[in-house]
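Asks: Have a look at this one.
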Amino acid sequence: MAEVHVTDRDGNVSAVDAPGGRPLMEVLRDANLGVEGICGGACSCGTCHVYVDPQWAERLPPAGEDEQMMLDAIKEFVDVRPTSRLSCQITVDDSLAGMTVEIAPEV
Amino acid sequence: MGAINTKILLESKDLERCPFPIPVGWFFVDFSENLQTSEIRNIEILGQEWVLFRNEGGKVGMTDPYCPHLGAHMGHGGKVVGDNLRCPFHHWEYNTEGWCKNIPYGKITPPIVKKQAILRALPVVERYGMIWAWYHPECEAPQWELPAIPELEEPGHVKPRRGSWPVNTAIQEIAENGVDFAHLKFLHGSPAIPPAEVSFDGHISSVNMANGYIVGKGYGPGLNVFHFTQEGVTATMVSYSVPITAEKSQMNMSFTHKDFPEGSRELAIAKKLVDHMIGQAEGEESAGFESVDFIVWNHKKYRPNPLLCDGDGPIVQYRKWFKQFYVADPETLAKI
Ligand code: FES
Ligand code: FES
Ligand SMILES: [Fe+2]
Numbered sequence: 696m697a698e699v700h701v702t703d704r705d706g707n708v709s710a711v712d713a714p715g716g717r718p719l720m721e722v723l724r725d726a727n728l729g730v731e732g733i734c735g736g737a738c739s740c741g742t743c744h745v746y747v748d749p750q751w752a753e754r755l756p757p758a759g760e761d762e763q764m765m766l767d768a769i770k771e772f773v774d775v776r777p778t779s780r781l782s783c784q785i786t787v788d789d790s791l792a793g794m795t796v797e798i799a800p801e802v
Numbered sequence: 004m005g006a007i008n009t010k011i012l013l014e015s016k017d018l019e020r021c022p023f024p025i026p027v028g029w030f031f032v033d034f035s036e037n038l039q040t041s042e043i044r045n046i047e048i049l050g051q052e053w054v055l056f057r058n059e060g061g062k063v064g065m066t067d068p069y070c071p072h073l074g075a076h077m078g079h080g081g082k083v084v085g086d087n088l089r090c091p092f093h094h095w096e097y098n099t100e101g102w103c104k105n106i107p108y109g110k111i112t113p114p115i116v117k118k119q120a121i122l123r124a125l126p127v128v129e130r131y132g133m134i135w136a137w138y139h140p141e142c143e144a145p146q147w148e149l150p151a152i153p154e155l156e157e158p159g160h161v162k163p164r165r166g167s168w169p170v171n172t173a174i175q176e177i178a179e180n181g182v183d184f185a186h187l188k189f190l191h192g193s194p195a196i197p198p199a200e201v202s203f204d205g206h207i208s209s210v211n212m213a214n215g216y217i218v219g220k221g222y223g224p225g226l227n228v229f230h231f232t233q234e235g236v237t238a239t240m241v242s243y244s245v246p247i248t249a250e251k252s253q254m255n256m257s258f259t260h261k262d263f264p265e266g267s268r269e270l271a272i273a274k275k276l277v278d279h280m281i282g283q284a285e286g287e288e289s290a291g292f293e294s295v296d297f298i299v300w301n302h303k304k305y306r307p308n309p310l311l312c313d314g315d316g317p318i319v320q321y322r323k324w325f326k327q328f329y330v331a332d333p334e335t336l337a338k339i
């Protein structure tokens, strides 16, 4: 179990328990923090976009091709930063304990 | 005396009639004239149902029926819109190659939609006034092109006579007759087992029977072109059987010849040749396939290890050639 610090779209910060092995998207979705995760992690909806704290961003495995394509696609609608990630592609594990993410605006 | 070989006595219990998967190749789908612009039709061939349509630009598409979005059957309520087939459920649209060209409400196009076709669509070409589809179980691209058939594509030939027959067997079994020379004497009643030469080269098989009486080529599993020549007059038989299910095929044939003048000797010979290809012809002692082959095809089992004798045709070589068109797991291939 890792605790993740989340800033929601209203700027409220909360700590969320994230069981290891789950996609971060599901954790955020189930905590009702505004992440929809419509496609269930297929990189086809772009509704799970988060900004990862820069220090943490570099520790994550890099985005795959489909994730990168989706991030490129949503650029038209929202601010996509170097630390932008699709939270459905991030699997929680202990090494992420204490990670800070911010939920990006809706597309 | 050694122990009796019971394998040969008991093997047939475990044999299947048609252990074959659907082979790879170009297959006849329908005649071009039967599919109008904007028409959509559900067809069952090649082991499953497909949606066949002609877009407003005249191009033919043949796709899996089930929409990659939420699985609606696009052959029930779908519509041709411009170049595309539109799903009735949420109006996603697909072109003839299976690329999704429109999602009318999403803001963001899912990346995979930009990268590749998401709906299985068979490569389709129209040749000889027919619609042909390339089938590969793993969606690989065509490995050869359909050949030119001047008799069907160039002027100077009579409008082909066509025939179509359902058969309860796989197409490998049907075409095996083409190299089973002995059955021509015994099943068809021809006066002798005709001398024949057969060769195989890539996807093409060639046969020359009775010193040029029948000369033909097979282009993969779904197309054969035979020339029958008698007294210098040639008639052409184009055969294009298509698998419907593993155990059901549709045999299709077109027969044509040069546009000989009415009342000429040549016309009479050509017509007789065509009659003879199909069934009993006057003045011919042997029977065409319609009268005798079906009864065998419809009831036989496939013996992967047949007991052949020295007078048999090149059955084994033919099967080896045909096997290249099967893409399947080793267990399935072992039964073929
Ligand atoms: S859940 Fe749809 S892209 Fe992440
Ligand atoms: S199921 Fe076809 S568009 Fe939704
Ligand atoms: Fe025959």
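So the sequences go chain by chain: A and B. Residues 696 to 802 in my numbering are what the first sequence spells out, letter by letter. Residues 4 to 339 in my numbering are what the second sequence spells out, letter by letter. Think of the CB as a built atom: it goes at the ideal place given N, C-alpha and C, for glycine as much as any other residue. Bear in mind that the values here come from a model prediction, so they are computed numbers and not experimental data.
Using a threshold of 7 Å, is the CB atom of residue 737 (chain A) nearer than that to any non-hydrogen atom of ligand 1?
Replies: Taking the first sequence and counting its residues from 1, the one referred to as residue 737 (chain A) is at position 42. True, at least one ligand heavy atom lies under 7 Å from that Cβ.
Asks: What in chain B is Cβ-close to residue 768 (chain A), meaning under 7 Å?
Replies: Taking the first residue of the first sequence as 1, we reach residue 768 (chain A) at position 73. Within 7 Å Cβ-Cβ: 111, 112, 114.
Asks: Who does residue 88 (chain B) pair with in a DSSP beta bridge?
Replies: What you label residue 88 (chain B) is simply residue 85 of the second sequence in a count that begins at 1. In the DSSP output, where bridge partners are listed per residue, residue 88 (chain B) has B:83, B:97.
Asks: Tell me the DSSP bridge mates of residue 746 (chain A)?
Replies: The residue given as residue 746 (chain A) occupies position 51 in the first sequence. Its beta-bridge partners are A:779, A:797.
Asks: Under 8 Å between C-beta atoms, does residue 783 (chain A) make it to chain B?
Replies: To locate residue 783 (chain A), count along the first sequence from 1; it is residue 88. Cβ-Cβ to chain B under 8 Å: no for residue 783 (chain A).
Asks: Got a list of residues with beta-carbon closer than 5 Å to any non-hydrogen atom of ligand 2, in chain order?
Replies: Residues with a Cβ closer than 5 Å to any heavy atom of ligand 2, in chain order: B:70, B:72, B:73, B:75, B:90, B:92, B:93, B:95.
Asks: Here's a check: name, in chain order, each residue in its chain whose Cβ is nearer than 7 Å to the Cβ of residue 186 (chain B), leaving out the five neighbours to either side.
Replies: Your numbering for residue 186 (chain B) matches position 183 in the second sequence. Contacts found: 180.
Asks: How many angstroms separate the CA atom of residue 703 (chain A) from the CA atom of residue 727 (chain A)?
Replies: Residue numbering aside, residue 703 (chain A) sits at position 8 when the first sequence is read from its first letter. Residue numbering aside, residue 727 (chain A) sits at position 32 when the first sequence is read from its first letter. Between residue 703 (chain A) and residue 727 (chain A), the C-alpha separation is close to 10 Å.
Asks: Tell me where the alpha helix (DSSP H) around residue 153 (chain B) begins and ends.
Replies: Numbered from its first residue, the second sequence carries residue 153 (chain B) at position 150. Per DSSP, residue 153 (chain B) belongs to the alpha helix (DSSP H) from 153–156.
Asks: Tell me the DSSP secondary structure of residue 269 (chain B) in three-state form.
Replies: Taking the first residue of the second sequence as position 1, residue 269 (chain B) is located at position 266. Residue state, collapsed to three classes: helix.
Asks: Which same chain residues, not among the five before or five after residue 761 (chain A), have their C-beta less than 7 Å away from its C-beta?
Replies: Your numbering for residue 761 (chain A) matches position 66 in the first sequence. Closer than 7 Å at Cβ, skipping near neighbours: 738.
Asks: Using only CA atoms, which one of B:196, B:271, B:128 lies nearest to residue 313 (chain B)?
Replies: Along the second sequence, read from residue 1 onward, the residue named residue 313 (chain B) stands at position 310. Measuring C-alpha to C-alpha distances from residue 313 (chain B) to each of B:196, B:271, B:128 identifies B:196 as the nearest.
Asks: Within 10 angstroms of its Cβ, does residue 247 (chain B) collect 16 or more other Cβ (buried), or is it exposed?
Replies: As a first step, residue 247 (chain B) is located in the second sequence; it is residue number 244 there, counting from the start. The residue is buried, with at least 16 neighbouring Cβ atoms inside 10 Å.
Asks: Using the beta-carbon of each residue, which ones in chain B are nearer than 9 Å to residue 802 (chain A)?
Replies: Taking the first sequence and counting its residues from 1, one reaches residue 802 (chain A) at position 107. By Cβ distance, chain B contributes 110, 111.
Asks: Closer than 8 Å, CB to CB, is residue 738 (chain A) near chain B or not?
Replies: The residue labelled residue 738 (chain A) in the question sits at position 43 within the first sequence. Yes, residue 738 (chain A) lies at the interface with chain B (some Cβ there is under 8 Å from its Cβ).
Asks: Any heavy atom of ligand 3 closer than 7 Å to the Cβ of residue 180 (chain B)?
Replies: Locating residue 180 (chain B) in the second sequence gives position 177, where the first residue counts as 1. At least one heavy atom of ligand 3 is nearer than 7 Å to the Cβ of residue 180 (chain B), so yes.
Asks: Straight-line CA distance for residue 241 (chain B) to residue 113 (chain B)?
Replies: Locating residue 241 (chain B) in the second sequence gives position 238, where the first residue counts as 1. Locating residue 113 (chain B) in the second sequence gives position 110, where the first residue counts as 1. Computed Cα separation, rounded: 45 Å.
Asks: Check whether the Cβ atoms of residue 102 (chain B) and residue 72 (chain B) lie closer than 8 Å to each other.
Replies: The sequence position of residue 102 (chain B) within the second sequence is 99, counting from 1. The sequence position of residue 72 (chain B) within the second sequence is 69, counting from 1. The answer is no: Cβ separation not under 8 Å.
Asks: Which residue's Cα is closest to the Cα of residue 714 (chain A): A:787, A:802, A:793?
Replies: Residue mapping note: residue 714 (chain A) aligns to position 19 of the first sequence, counting from 1. Nearest option by C-alpha distance: A:787.
Asks: Based on DSSP bridge pairs, tell me the residues matched to residue 704 (chain A).
Replies: Taking the first residue of the first sequence as position 1, residue 704 (chain A) is located at position 9. The partner list for residue 704 (chain A) (beta bridge, DSSP) is empty, contrary to what the question assumes.
Asks: Report the neighbours of residue 765 (chain A) on chain B: residues whose CB is nearer than 9 Å to its CB, in chain order.
Replies: For this step, residue 765 (chain A) is matched to residue 70 along the first sequence. Ordered by position in chain B, the residues that pass the 9 Å Cβ test against residue 765 (chain A) are 111, 113, 114.
Asks: Just list the residues that DSSP pairs residue 221 (chain B) with in beta bridges.
Replies: As a working mapping, residue 221 (chain B) is identified with position 218 in the second sequence. DSSP output for residue 221 (chain B) lists B:208, B:227 as bridge partner(s).
Asks: Should residue 115 (chain B) be listed as close to ligand 1, given that the test is whether its C-beta is under 7 Å from any heavy atom?
Replies: Taking the second sequence and counting its residues from 1, one reaches residue 115 (chain B) at position 112. No; taking the cut-off as 7 Å, the Cβ of residue 115 (chain B) has no heavy atom of ligand 1 nearer than that.
Asks: How would you label residue 40 (chain B), buried or exposed, when you count the other beta carbons within 10 angstroms and need 16 or more for buried?
Replies: Mapped onto the second sequence, residue 40 (chain B) falls at position 37. Exposed, because fewer than 16 other Cβ atoms sit within 10 Å of the Cβ of residue 40 (chain B).
Asks: Residues in the stretch 742–761 of chain A with C-beta within 7 Å of chain B's C-beta atoms, listed in sequence order?
Replies: 761
Asks: For residue 172 (chain B), does the three-state DSSP call read helix, strand or coil?
Replies: Residue numbering aside, residue 172 (chain B) sits at position 169 when the second sequence is read from its first letter. Residue 172 (chain B) falls in the coil class under three-state DSSP.
Asks: Under DSSP, the beta strand (DSSP E) around residue 11 (chain B) begins and ends at which residues?
Replies: Working through the second sequence from its first residue, we reach residue 11 (chain B) at position 8. Segment 10–13 is the alpha helix (DSSP H) holding residue 11 (chain B); no beta strand (DSSP E) there.
Asks: Among the candidates B:61, B:255, B:36, B:198, whose CA atom is the shortest distance from the CA of residue 227 (chain B)?
Replies: Residue mapping note: residue 227 (chain B) aligns to position 224 of the second sequence, counting from 1. Nearest C-alpha to residue 227 (chain B): B:255.
Asks: Between B:151, B:305, B:167, which has its C-alpha nearest residue 21 (chain B)'s C-alpha?
Replies: For the purposes of this step, residue 21 (chain B) is identified with residue 18 of the second sequence, where counting begins at 1. Minimum Cα distance to residue 21 (chain B) is reached at B:305.
Asks: Please list, in chain order, all residues of the same chain as residue 425 (chain B) whose beta carbon is under 8 Å from its beta carbon, the five residues on each side excluded.
Replies: One cannot answer for residue 425 (chain B) here, as it falls past the ends of chain B, which runs 4 to 339.
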